[in-house]
């Protein structure tokens with residue numbers, strides 16, 4: 001009888017211990033679940049000390065790029081320390097929230113037959129007549145006594161446009177895009193007149209050359225696409241970048257004058273700056289166009305090519321650019337898409353002004 005009672009007592013003790021262990025396990029599981037759901041203050045602090053790439057700041061989950069020490073920065077400033085050409089209290093940066101465009105809007109065909117003659121007639125008429133009158137045309141720079149020699153790179157200093165004021169206050173910025181050209185009269189004269197001039201030429205020896213007080217030469221070629229990552233970065237003589245990437249790297253917001261002589265690459269570069277919205281940051285555009293062949297990566301038959309050219313210029317017009325100067329180069333072959341036709345030259349220089357520029 002006594003043995004039976006002892007066995008019953010042991011069974012009750014074991015049962016009680018098992019219940020206590022189950023209760024403890026349940027409480028621990030519940031506590032762990034609660035701790036995982038509860039935010040800890042340290043978590044917020046860890047967001048600010050996570051490793052990040054050089055030149056990148058994290059602020060409220062937003063990435064802001066800043067120039068690194070290796071980047072060449074030329075930022076124009078007013079006498080009060082603000083950036084040139086606008087309110088110093090307004091951030092001078094491009095709107096990164098603009099919708100991405102992948103292609104330009106093609107204009108309707110010039111005629112029902114979609115022929116080259118119809119397209120060429122419309123295009124040549126468009127580039128042969130200025131759309132706006134400029135009361136003061138200046139060719140090849142600001143030196144009053146300079147002779148007009150070489151190509152007539154022409155800008156408009158009409159007082160109704162802000163460029164004249166920017167130049168008088170020595171707060172103008174010029175980008176000159178070229179491919180090893182020897183003609184630098186325009187750049188030298190504009191720098192001597194007080195403008196900050198950046199000349200991009202992939203053929204120069206050094207990465208950056210500072211000539212005088214206001215003229216910089218950069219061993220860069222402006223392209224319409226990002227460089228091929230397979231090409232070694234140390235091959236600086238072939239360094240190419242999009243214009244938007246160069247603006248970000250140099251810390252620039254506006255270009256008062258963009259001059260381009262890109263030997264048939266101008267069509268795709270122009271398309272790129274239109275699609276990326278860079279063209280809205282340009283005050284005047286002076287471009288040499290080449291018509292003897294379609295240009296780099298411009299596809300389609302001849303009629304399609306000319307329609308594409310015309311559509312690019314209509315895109316400029318939609319952005320409030322107006323043609324104020326046109327020059328037909330009679331010293332070049334009189335060829336249009338490999339044909340001696342339409343009384344056209346293979347080379348023209350065209351100048352536009354952004355009528356909303358400030």
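In full-length UniProt numbering, the protein residues as written are 1 to 358. Here a beta-carbon is modelled for each residue, glycine too, at the ideal position from N, C-alpha and C.
(1) What residue range does the beta strand (DSSP E) around residue 323 cover?
(2) Pull up the distance between the alpha-carbon of residue 70 and that of residue 184, whole angstroms please.
(3) I need the straight-line Cα distance from residue 152 to residue 311, nearest angstrom please.
(4) Smallest Cα separation from residue 177: which of 267, 260 and 7?
(5) Report the rounded CA-to-CA distance for residue 354 versus residue 109, giving the unit in angstroms.
(6) For residue 115, collect the residues of the same chain with a Cβ closer than 7 Å to its Cβ; drop the 5 residues on either side in sequence, then sort them by chain order.
(7) In the DSSP assignment, what are the bridge partners of residue 336?
(8) Using the beta-carbon count (16 or more within 10 Å), is residue 141 buried or exposed?
(9) To the nearest angstrom, how far is it from the Cα of residue 289 to the Cα of residue 169?
(10) Just checking, does the region 317-331 make contact with the region 340-349 on the three C-beta pairs under 8 Å criterion?
(11) For residue 244, does the three-state DSSP call read helix, strand or coil?
(12) Any chance the region 204-222 sits against the region 284-298, with 3 or more Cβ pairs inside 8 Å?
(13) Tell me which residue opens and which closes the alpha helix (DSSP H) that residue 100 is part of.
(14) Rounding to the nearest angstrom, what Cα-Cα distance links residue 251 and residue 117 in this structure?
(15) The beta strand (DSSP E) spanning residue 196 covers which residue range?
(16) Reducing DSSP to helix, strand and coil, say where residue 13 ends up.
(17) Can you tell me which of the three DSSP states residue 280 falls into?
(18) Tell me residue 349's beta-bridge partners as DSSP assigns them.
(19) State the DSSP-derived secondary structure class of residue 204, mapped to helix, strand or coil.
(20) In the DSSP assignment, the beta strand (DSSP E) including residue 393 goes from what residue to what residue?
(21) Helix, strand or coil, according to DSSP, for residue 259 in the structure here?
(22) Roughly how many angstroms separate the alpha carbons of residue 10 and residue 19, rounded to a whole number?
(23) Considering residue 223, what are the terminal residues of the beta strand (DSSP E) in which it resides?
(24) Which of helix, strand or coil does DSSP assign to residue 134?
(25) In the DSSP assignment, find the unbroken alpha helix (DSSP H) run with residue 316 in it and report its ends.
(26) Could you check how far apart the C-beta atoms of residue 315 and residue 104 are, in whole angstroms? I think they sit under 8 Å.
(27) Which residues does DSSP list as the beta-bridge partners of residue 155?
(28) Per DSSP, residue 215 forms a beta bridge with which residues?
(29) Have a look at 189, 175 and 222 and flag the residue whose alpha-carbon is nearest the alpha-carbon of residue 199.
(30) Assuming residue 276 and residue 244 are in contact, meaning their beta carbons sit under 8 Å apart, how far apart are those beta carbons, in whole angstroms?
(31) Report the partner residues of residue 178 according to the DSSP bridge assignment.
(32) Do you know how far the Cα of residue 135 is from the Cα of residue 340?
For this structure:
(1) Looking at the DSSP string, the run of the beta strand (DSSP E) that includes residue 323 is 321-328.
(2) Because the pLDDT of residue 70 is 36, which lies under 50, any placement of that residue in the model is unreliable, and the question is left without a value.
(3) 25 Å
(4) 260
(5) 26 Å
(6) 303
(7) Under DSSP, residue 336 takes part in a beta bridge, and its partners are 339.
(8) buried
(9) 32 Å
(10) yes
(11) Residue 244 falls in the helix class under three-state DSSP.
(12) no
(13) That residue, residue 100, is in no alpha helix (DSSP H); it is neither H nor E in DSSP.
(14) 45 Å
(15) 196-200
(16) helix
(17) In the three-state reduction of the DSSP assignment, residue 280 falls in the helix class, which pools H, G and I.
(18) 288 and 327
(19) Judged by DSSP in its simplified three-state form, residue 204 adopts coil rather than helix or strand.
(20) Absent from the model: residue 393. The displayed extent of the chain is 1 to 358, so no value can be given.
(21) strand
(22) 14 Å
(23) 221-223
(24) coil
(25) 302-318
(26) Contact between residue 315 and residue 104 holds: CB atoms are separated by about 5 Å, below the 8 Å threshold.
(27) 138
(28) The partner list for residue 215 (beta bridge, DSSP) reads 197 and 211.
(29) Of the candidates 189, 175 and 222, the residue whose Cα lies closest to the Cα of residue 199 is 175.
(30) Contact flag correct, Cβ pair sits at about 5 Å.
(31) 261
(32) Distance between the alpha carbons of residue 340 and residue 135: 35 Å.
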